[in-house]
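Going down the list, the sequences are from chains A and B. Residues 43 to 260 in this note's numbering are what the first sequence spells out, letter by letter. Residues 43 to 260 in this note's numbering are what the second sequence spells out, letter by letter. Right, one structure below, let's go through it.
Number of protein chains: 2
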Amino acid sequence: MVTNADQDYVKAIYRLQGQNRSVSTSSLAATLGVTSASVSGMLRKLDQARMVNLRRYRGVRLTERGRRTALEVIRRHRLIELFLVEILRMPWENVHGEAERLEHAVSDEVLARIDKLLGSPQRDPHGSPIPSPSGEIALLDRVRLDQTAPGVRGTICEVSDDDPEMLRHLSKLGLIPGARIDVREIQQIDETRLIGCGKKRCTVSPKVAAAVWISKDQ
Amino acid sequence: MVTNADQDYVKAIYRLQGQNRSVSTSSLAATLGVTSASVSGMLRKLDQARMVNLRRYRGVRLTERGRRTALEVIRRHRLIELFLVEILRMPWENVHGEAERLEHAVSDEVLARIDKLLGSPQRDPHGSPIPSPSGEIALLDRVRLDQTAPGVRGTICEVSDDDPEMLRHLSKLGLIPGARIDVREIQQIDETRLIGCGKKRCTVSPKVAAAVWISKDQ
DNA sequence: CAATAGAATTAGGAGTGCCTAACTTTTGCT
DNA sequence: AGCAAAAGTTAGGCACTCCTAATTCTATTG
Ligand SMILES: [Mn+2]
Ligand SMILES: [Mn+2]
Ligand SMILES: [Mn+2]
Ligand SMILES: [Mn+2]
Chain A
43 MVTNADQDYV
53 KAIYRLQGQN
63 RSVSTSSLAA
73 TLGVTSASVS
83 GMLRKLDQAR
93 MVNLRRYRGV
103 RLTERGRRTA
113 LEVIRRHRLI
123 ELFLVEILRM
133 PWENVHGEAE
143 RLEHAVSDEV
153 LARIDKLLGS
163 PQRDPHGSPI
173 PSPSGEIALL
183 DRVRLDQTAP
193 GVRGTICEVS
203 DDDPEMLRHL
213 SKLGLIPGAR
223 IDVREIQQID
233 ETRLIGCGKK
243 RCTVSPKVAA
253 AVWISKDQ
Chain B
43 MVTNADQDYV
53 KAIYRLQGQN
63 RSVSTSSLAA
73 TLGVTSASVS
83 GMLRKLDQAR
93 MVNLRRYRGV
103 RLTERGRRTA
113 LEVIRRHRLI
123 ELFLVEILRM
133 PWENVHGEAE
143 RLEHAVSDEV
153 LARIDKLLGS
163 PQRDPHGSPI
173 PSPSGEIALL
183 DRVRLDQTAP
193 GVRGTICEVS
203 DDDPEMLRHL
213 SKLGLIPGAR
223 IDVREIQQID
233 ETRLIGCGKK
243 RCTVSPKVAA
253 AVWISKDQ
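The following block contains the structure:
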């Protein structure tokens, strides 16, 4: 039986493993807000359920089964987020936490109806791609804003969605998916960036810049 | 901490206790689909949490706290059912099971938005009254159709919502909340009723009649 | 290459919620 | 009243998911 915790674990592993890197116990513990001991136990269980391959003391990788499960939950999560914004008019900074619970409670039938009502959307409110029902996901060619050099131009394609305060800050600055931006200048001292965003300008710390991904022009 | 199980238990106790009758372990076990031993354990826990008053071997009653909790969950349940029918266009026979899970996962904020979107409705899709946010609920003056005598006229105010097959059957016959009906005749042999319903007529067994409540004329 | 810091695991325990089997209390009937 | 059936509770166990503390393994570094 796939429990709520199982789903949250494979989702976290999927995010952390990126292009198939092995995921450590401690990174999962930090992400999920539990102790390493708890993660160790869960990983043994997920290994037995063939959701992950566990190599003791060297981390885990998702199996095909685990990947499929993760993408299913991510699809749920992102469709629910968009639904909350579009249909219930909830502010985008609160929908992540809500979706974190609802993703486990919504049936396939309800999800299909939400998908239809929204017109089978491709992106969630924060710009993240929504996996297809069969588990395909568009991989974006993107760069994190804090990794950009002066002169870079592009469009914001995604922002990280888990910190409501950060999201409020980003919308105040106009740093939302779809916005055209360019990097004007980077302060030596603290890597603060001067950004042109549409017709406005703003200053962003590395911490804020790390929450923004852009797709570069050309 | 109030768990999902706690919520389902107090909701079941609320339904079974009616006008403050004491609720037996076995009736709860039957309603919830668990063993009497499981119910015994949970009731001890709910008693310690002051959600119920437990008198060993003589059943439980909700405390004020338990009643409030039950009505909160019932409000969630019914608003979610109506939302599923009205907004997601789900057939009314499937929404009960769905709401049974979602009632535990939806936040107060989402619930308030659902309530607003629906225009603060008073009744769920099956005609049951929706408690107010503060826990008031309209008590209906109603009779179960299988308790009626020939000649009785009235309006269907509520149908029981937990059996999808029954609900499909009722909608096929037109026995839905709001329908005007009258009892034409009762067969001696098996208590089958001949019912006039709008312009049509239909025959209902006691089992089906027990799923329909009417408010009598006058 | 051995000492050690840091990462991971194991041991032991808690709360939740379910089960079966055994036991106790209540109830209904003669 | 007395006995048996029915109803309810307790005992013992399991799966889940978390915790702290103790232990073991890996990786770094002098
Ligand atoms: Mn999210
Ligand atoms: Mn979640
Ligand atoms: Mn429920
Ligand atoms: Mn209902």
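Cβ coordinates follow ideal geometry from the N, Cα and C atoms, glycine included.
At the level of alpha carbons, what is the spacing between A/Arg-165 and A/Arg-210?
19 angstroms
Kindly indicate which residue of A/Ile-256, A/Asp-224, A/Trp-255 has the alpha-carbon position closest to the one of A/Thr-245.
The option with the nearest alpha carbon to A/Thr-245 is A/Asp-224.
Identify whether A/Asn-62 lies in helix, strand or coil by the three-state DSSP scheme.
coil
Kindly indicate which three-state DSSP category A/Asp-150 falls into: helix, strand or coil?
Note: A/Asp-150 maps to helix in three-state DSSP.
Check whether the segment 133 to 145 of chain B touches the segment 86 to 100 of chain B, taking contact to mean three or more Cβ pairs, one atom from each stretch, closer than 8 angstroms.
no
Partners in chain A for B/Ser-149, counting only beta-carbon separations shorter than 7 angstroms
In chain order: Glu-140.
How would you label B/Leu-181, buried or exposed, when you count the other beta carbons within 10 angstroms and need 16 or more for buried?
Exposed, since its Cβ has fewer than 16 Cβ neighbours within 10 Å.
Under 6 angstroms from any heavy atom of ligand 2, by CB: list those residues in chain order, please.
Going by the Cβ distance cut-off, the answer is A/Asp-50, A/Glu-142, A/Glu-145, A/His-146.
Please work out which residues of its chain come closer than 7 angstroms, Cβ to Cβ, to A/Pro-173, disregarding the five sequence neighbours upstream and downstream, and give them in chain order.
Leu-113, Ile-116, Arg-117, Ile-179.
With a CB to CB cut of under 8 angstroms and the five nearest residues on each side skipped, what residues in its chain are close to A/Lys-286?
Examination of residue 286 of chain A is not possible in this model, given that chain A is present from 43 through 260 alone.
Hey, would you say the C-beta of B/Arg-120 is under 7 angstroms away from at least one heavy atom of ligand 4?
Yes, since a heavy atom of ligand 4 falls inside the 7 angstroms radius drawn around the Cβ of B/Arg-120.
Contact defined as beta carbons within less than 8 angstroms: I believe B/Val-185 pairs with B/Ile-256. What is the distance between those atoms, to the nearest angstrom?
6 angstroms
Using beta-carbon positions only, say whether B/Gly-101 and B/Val-65 come within less than 8 angstroms of one another.
yes
Presumed contact (8 angstroms Cβ cut-off) between B/Leu-160 and A/Val-152, rounded CB distance:
At roughly 16 angstroms, the Cβ-Cβ gap does not stay under 8 angstroms, so B/Leu-160 and A/Val-152 are not in contact.
Extent of the continuous beta strand (DSSP E) run through A/Ser-257:
254 to 258
Using a cut-off of 9 angstroms between C-beta atoms, extract the partners of B/Leu-159 located in chain A.
Ile-129, Leu-130, Arg-131
Quick check: what's the CA-CA separation for A/Ser-176 versus A/Thr-234?
For A/Ser-176 and A/Thr-234, the distance between alpha carbons rounds to 42 angstroms.
Tell me, please, whether the CB atom of A/Val-115 is closer than 8 angstroms to any CB atom in chain B?
Chain B, which has no Cβ nearer than 8 angstroms to the Cβ of A/Val-115, makes this no.
Give a yes or no on whether the minimum CB-CB distance between A/Val-76 and chain B is below 8 angstroms.
no
Using a C-beta to C-beta distance shorter than 9 angstroms, which residues of chain B count as neighbours of A/Arg-143?
His-146, Ala-147, Val-148, Ser-149
Could you compute how far the alpha carbon of A/Ala-191 sits from the alpha carbon of A/Ala-221?
18 angstroms
What's the gap between the Cα of A/Arg-195 and the Cα of A/Arg-110?
Each residue's CA atom was taken as its position, placing A/Arg-195 and A/Arg-110 some 35 angstroms apart.
In whole angstroms, what is the alpha-carbon distance linking B/Leu-70 and B/Tyr-99?
If I take the Cα positions, the gap works out to 14 angstroms.
Any idea what DSSP makes of B/Glu-106, helix, strand or coil?
helix
What residues of chain B sit near A/Ile-156, judged by a beta carbon separation below 9 angstroms?
Leu-130
Who are the Cβ neighbours of B/Glu-128 in its own chain at under 7 angstroms, not counting the five residues just before and after it?
Leu-160
Where the beta strand (DSSP E) through A/Glu-227 begins and ends
222 to 228
Name, please, each residue of chain A whose Cβ falls closer than 8 angstroms to the Cβ of B/Val-44.
The premise fails here: B/Val-44 is roughly 15 angstroms from chain A at the closest Cβ pair, so nothing lies under 8 angstroms.
Distance cutoff 8 angstroms, beta carbons only. Does A/Val-152 sit that close to anything in chain B?
yes
Within 10 angstroms of its Cβ, does A/Met-43 collect 16 or more other Cβ (buried), or is it exposed?
Note on A/Met-43: under 16 other CB atoms within 10 angstroms of its CB, so exposed under the neighbour-count rule.
Just jot down, in chain order, the residues whose CB lies closer than 5 angstroms to any heavy atom of ligand 1.
A/His-138, A/Asp-203
Any chance the CB of B/Asp-205 is under 7 angstroms from a heavy atom of ligand 4?
In this structure, B/Asp-205 has its beta carbon at no less than 7 angstroms from each heavy atom of ligand 4.
Look at the alpha carbon of A/Arg-133 and the alpha carbon of B/Thr-45, and state the distance between them as a whole number of angstroms.
Here the sequence assigns Pro to residue 133 of chain A, which means Arg is not the residue at that position. Distance between the alpha carbons of A/Pro-133 and B/Thr-45: 27 angstroms.
Quick check on B/Leu-212: does DSSP put it in helix, strand or coil?
helix
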